[in-house]
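The opening position of the sequence shown corresponds to residue 0 in numbering that gives the first Met the number 0, with each subsequent residue numbered one higher. C-beta: ideal position from N, C-alpha, C; glycine also. See below for the structure under consideration.
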Amino acid sequence: MLGTDLNGKTLFIGNLQHSKMYMSAQVWKGYDALGSDESGWQANHAWVFEKADKDNTYYIKNAESGMYIGAIPGENDKCVPLVADKASAQVYTVAYAGKNGYCNIYVEGGTADLNALHMVNWNGVVRWSTTADASKFRLEDATDVLAAYNKYYTVKVASGGYLNAEDNNVVLKGSSVAGLNYCWHVVKMADGTYRFINAKNTGKVLASNGSEGDARATLQSPALASNDATYATYFDGSIKLDGSSASQVKLAGSANNYWNKRGDNLGLWNNTAAGSGNDAGSNFTFAEVVPSDDILYAEYNTVQPGTRPTDISKYALWYNVPVAKTGVSDTWMEYALPLGNGQLGATIRGGIFKDELQFNEKTLWQGGTGNGGSEENSRGWYQNFGSVMVTDMSKAFSLADDTKPVKDYVRYLDIVNGVGGVNYKSSDDATTYNRRYFTSATDKVLVAHYEAKGTDKLNLKVTFMPDNQIGAGNVTYADGGATFSGKMTLVSYNAAYKVLASDGANITTDNEGIHVSGAEWVNVFLAAATDFDATKAGCKSGASADDIAATVQGRLTAATAKDYATLLNDHVAKFSGYMNRADLNIAEVCTDKTTEELLTYYNAAAANKSTADAYYLESLYFQYGRYMTVAANLDGSIHAPSNLQGIWNDRSNTDFWHCDIHADINVQMNYWPADPTNLSEMHLPFLYNIIDLASAPNSPWVALAQKIKSGSKGWTIAVENNIFGGTSTWFNGSIKTLGAWYCDHLWRYYKYTLDRDFLKKALPVMYQNALFTKSLATKDANGKYEIKGEWSPEHGNTDVTAFAQQTAYQGLKDLFAGYAELGDESPVTAAEMAELEDLYNNFDKGVWVENYNPGGVNWSEEKPCISEWKNNKLSDPDHRHLSHLMCLYPFNQVSAFATDADSVKQFQAAYNGMIARKGDVTGWSMGWQTNTYARCLDGDKAHYNLQRALRHSTSYTIAMAGQGGCYYNLFDAHSPFQIDGNYGCTSGVAEMLLQSYDDVITILPALPSSWKNGSVKGLKAQGNYTVDEEWSEGKATAVRITNNQDVDRQVSVRYDNKVATFDISANATLDIDLSAGLPTGVNKVVNVPVSTIKTIYDLSGRRVNKAEKGVYIINGQKVVF
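What follows is the structure, encoded as structure tokens:
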């Protein structure tokens, strides 16, 4: 623009040094000044030049606000002000800056070397010398760009999905236009190329980065040149803005490098076929639209906060700012509140104007039963089913101004009752609005209840939005309801909803949705199903598409026949029945802080972590893990484990490890809290998936074992799995013993429940996995069996690993213990077990000890630590995995209660090894460490890891360290969201308070010093006991133990390093006063004939194989030998 008269021209002002930034107008209350940022192409970055008296001098006015640039400040680092009128404005000279295309903007006669506008990178323009690069500006014509803002376009790809911006990422999602981020302004440049501005994230342009399927589209500064080496922001091709036919868009100047849909991403395809018009993934249709209110606005303009509801449970998450008003880029990950009944998962975000009910179904997976190959036929992805959008059409509140605000807004999730809610009031306080949400534990439907009490009535529009990645057919609206269906690679599916309203309301249906007006209440019922059945061949039930649809409609019919109160009460009774089994009391609800405020307060200062608010948050987090255990597993008829995000996922084909069944720690951790926190039924969906797939005809797990080693017997699993048995190939040949870890869960469930019928089903599966271990193992020079060529998850070194040895040995140990437990009832024969005796008796357990110094605080010399590899030294103390410490937790191969010298040495080495792992890592790793430190009887270190897990994470993308913690909805952060950390921390709290892995109930084994007073009820101990505990000033005062078996027994109890044994009758409760320490539980000491001896313990509670001279606990009694 230099060399021309600028008078009357509207220009963007870029910068030489800060090449991506533009000058902007910051117009705030009490602060009007020049700013700088990368969102340059919008009206508040455009400037009108008005000629002053002399040549090349101008008044410079902001195109949006009409304010003028004021005088240069009299001090450095102070932003140049904006003034309201021309009379107060400064006259600026615009002159060539000594570099082609750039000018200085300065005041004639001003302070020498301090008279020029100078851009800084902290959102400002200050004074400085004309010679500085940051004082040299580039002027760009803004006329065509601002004109482009008058038109809005949507861009739809033929293969499914709309071009939209999620924060700065551009993706292809959605079956309908759900917001302003789905709209684009199109600028045709003077050279005939095109640039695309997102209508919501204004000022930045669409940019392609990378090549082919790995290319990713983002939003970048429009200052990028057409020849920029990193980002392409100029496009051409066959672009038809009138929508008359599909467009093929390519990188400007390229021959064939066209836009192409890759998953949810806008990638590239450098191929002539992409421009042919025959490829659906490269055909984009532009449509000019006039945005309606539900596109232009995400939420009402003004929402006033409310207070914590008085009618919700002690354990609840609550908030008083709508998510659309929080400004975060990923409102689902940060704020979504999960509901679930073990089959349907749903999340709510509590929007008032637009209420999105996002939902999942536990078995809706893309993938098959293959091992490797295309993802569609192997591991695949856990899918997002879609959303029901409920839009408020009442016009009771203001969208564009604050004249009619929403009052007293609150949203919450009651985790005891499994009910979400939103409350708010009308602007005149004459109407109270309540919304309630639950995934029915009894009726297999999602229920959303909307109610208005007062002068106003409800006017709602209800629409279906299937996820665009699941190949859904068209939505059919009819008779106050909607439905759609489709098929993935393996499973077929159907989803439907039905809308009911109060008497006198008007319900109409058209091809845009269901419309309700004049209602006092509205109920939306959603059901969904697939044809998954793990008990059948190929995990398919055999149901036809019509059968699936009939199942869904049958559930809706049954639910809508009941009144809302009955549905709610039935659900609450069942759901709360599980939640109320256990309760941790270390603080009452003593706070008026929202959950977000509570988490912020918790992390603001170290002292805050020793307050009642902090203890309440920690107990809430414990119960939240239990809540999500129930919500993800309540429907025991579905034999499928929860995945990396439980049963909640808002993005199909996600890059976040495919939201898969990750078996080198994650899926196992999902089920750690089930048994000890009195939710053993919730373990069964995982366990029956193991039994079904391991024993199925043509089992994919058997095929995997044979692929890993030709001719092998038995079965195993991969690291990366789906619910059908399909896997990726990632390290399958060098992490081979994960099946043994699965088997430990079968045994773990039995130890807590003593369910002999279940063990009879599980034992043959455990036996078959042991045969695979036998197929892998060879003897070393010392005659010990080892498994070679292993890789320690996910740490490295191909070697004989502690992880493989410990997991494989645990599988053998559990098998032999289960066989002994069943005796003559065992479905595995004595001859079959005999085949494994040499392997079991001579297996290298992998509990090796080496001297190691990881460096850092508290390490001045080498200390004995458990080795990770048989032939390699320990390394990388910051790593997130604790693969060599499986022996400590989840197994019990080393114990803090050991008494013999070798075992004591191994335990100390494990404890040292825990301390040596000191990285600032992932949320789930913190959960694991909470458990391992509890097993080390170090309550304070266990508590420290719980505290770390409650840090707020600011990342929504994959970070392997430094972002572990949680989000404001208390979702665990890897980052991103990964639910295993929630479960791990809940399990860890249970381990702090109660341990029973050695068949002795240990009271408060790792109580944190800061939890001085409290109680816990309803924890489970192995042996099918329920345990309540009370403590004061850090000391146990009472314990109550309930025998849940129909037989009289003796129970051994440990407290403060002492063990006593007590008689307990069938289904009876034993109360023990611990205020003076553990009383003796033995009334007499007797001699017992050897022939009657079943189990022998020493006085420390350690199981021994043979009694020597002395006193032992035998058959629950103290006995003299």
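- Residue pairing from DSSP places Gly266 in a beta bridge opposite Asn259.
- Per DSSP, the unbroken alpha helix (DSSP H) holding Leu567 starts and ends at 563-578.
- Across the set Val999, Asn255, Gly13, the C-alpha of Gly13 shows the shortest separation from the C-alpha of Gly39.
- Rounded to the nearest angstrom, the gap between the Cα atoms of Met464 and Asp1070 is 56 Å.
- In the three-state reduction of the DSSP assignment, Cys742 falls in the helix class, which pools H, G and I.
- Judged by DSSP in its simplified three-state form, Ser882 adopts helix.
- In this structure Gln804 is in contact with Lys844, their Cβ atoms being roughly 6 Å apart against a cut-off of 8 Å.
- Under the 10 Å beta carbon count, Lys53 is surrounded by fewer than 16 other beta carbons and is classified as exposed.
- Counting only runs of at least 4 residues, the region 771-842 fully encloses the following alpha helix (DSSP H) elements, listed from N- to C-terminal order: 801-821, 829-840.
- Look at Cys78 here: in three-state DSSP terms it is coil, with no helix or strand label.
- In the three-state reduction of the DSSP assignment, Met118 falls in the strand class, which pools E and B.
- Going by C-alpha positions, Ala1005 is about 22 Å away from Ala606.
- Spatial neighbours of Ala251 in its own chain (CB-CB distance under 6 Å, excluding positions within 5 residues in sequence) are listed in chain order as Thr192, Tyr233, Phe234, Asp235.
- In this structure, Thr726 places its C-beta atom within 8 Å of the C-beta atom of Ser377.
- Taking C-beta atoms as the reference points, Gln247 and Asn197 fail to come closer than 8 Å.
- In this structure, Asn677 lies near Leu1018, with their beta-carbon atoms less than 8 Å apart.
- Going by C-alpha positions, Lys8 is about 21 Å away from Val185.
- If one requires a minimum length of 4 residues, the alpha helix (DSSP H) runs lying completely within the region 591-679 are 594-603, 611-632, 665-669, in chain order.
- The alpha carbon of Pro1007 has as its nearest neighbour, out of Lys812, Lys940, Lys1016, the alpha carbon of Lys940.
- By the neighbour-count criterion, in which 16 or more other beta carbons inside 10 Å mark a residue as buried, Asp400 falls on the exposed side.
- If you draw a straight line from the Cα of Val169 to the Cα of Ser774, it is about 49 Å long.
- Lys460 places its beta carbon 8 Å or farther from that of Thr534.
- In this structure, Tyr955 and Asp329 form a Cβ contact; the two beta carbons are roughly 4 Å apart against a cut-off of 8 Å.
- For the pair Thr529 and Gly379, the CB atoms are not nearer than the 8 Å cut-off.
- Proximity of the region 292-312 to the region 402-409 meets the contact definition, three or more beta-carbon pairs being nearer than 8 Å.
- Taking every protein chain shown into account, the CB of Gly1013 has 16 or more other CB atoms within 10 angstroms, so this residue is buried.
- A check of alpha carbon separations from Ser1009 across Ala611, Ile469, Tyr105, Val302 identifies Ala611 as the nearest.
- For Ala527, the uninterrupted beta strand (DSSP E) segment begins and ends at 520-529.
- If the five residues before and after Ala214 are omitted, its C-beta is found closer than 6 Å to the C-beta atoms of Ser207, Gly266, Leu267, all from its own chain and listed in chain order.
- Short of 7 Å from the beta carbon of Tyr577, and not among the five residues preceding or following it, lie these beta carbons of its own chain, in chain order: Val629, Leu678.
- For Asp875, the number of other beta carbons within 10 angstroms of its own is below 16, and it is reported as exposed.
- At a Cβ-Cβ threshold of 8 Å, Val1050 and Ile1002 do not count as neighbours.
- Taken atom to atom, the span from the alpha-carbon of Ile1063 to that of Asp1047 is near 6 Å.
- A residue is called buried when at least 16 other Cβ atoms come within 10 angstroms of its Cβ; Ala45 meets this threshold and is buried.
- The shortest C-alpha to C-alpha distance from Glu355 to any of Gly918, Gly788, Asp649 is the one to Asp649.
- Beyond the five residues adjoining it in sequence on each side, Asn200 comes within less than 6 Å, by CB distance, of Ala164, Leu218 in the same chain, given in chain order.
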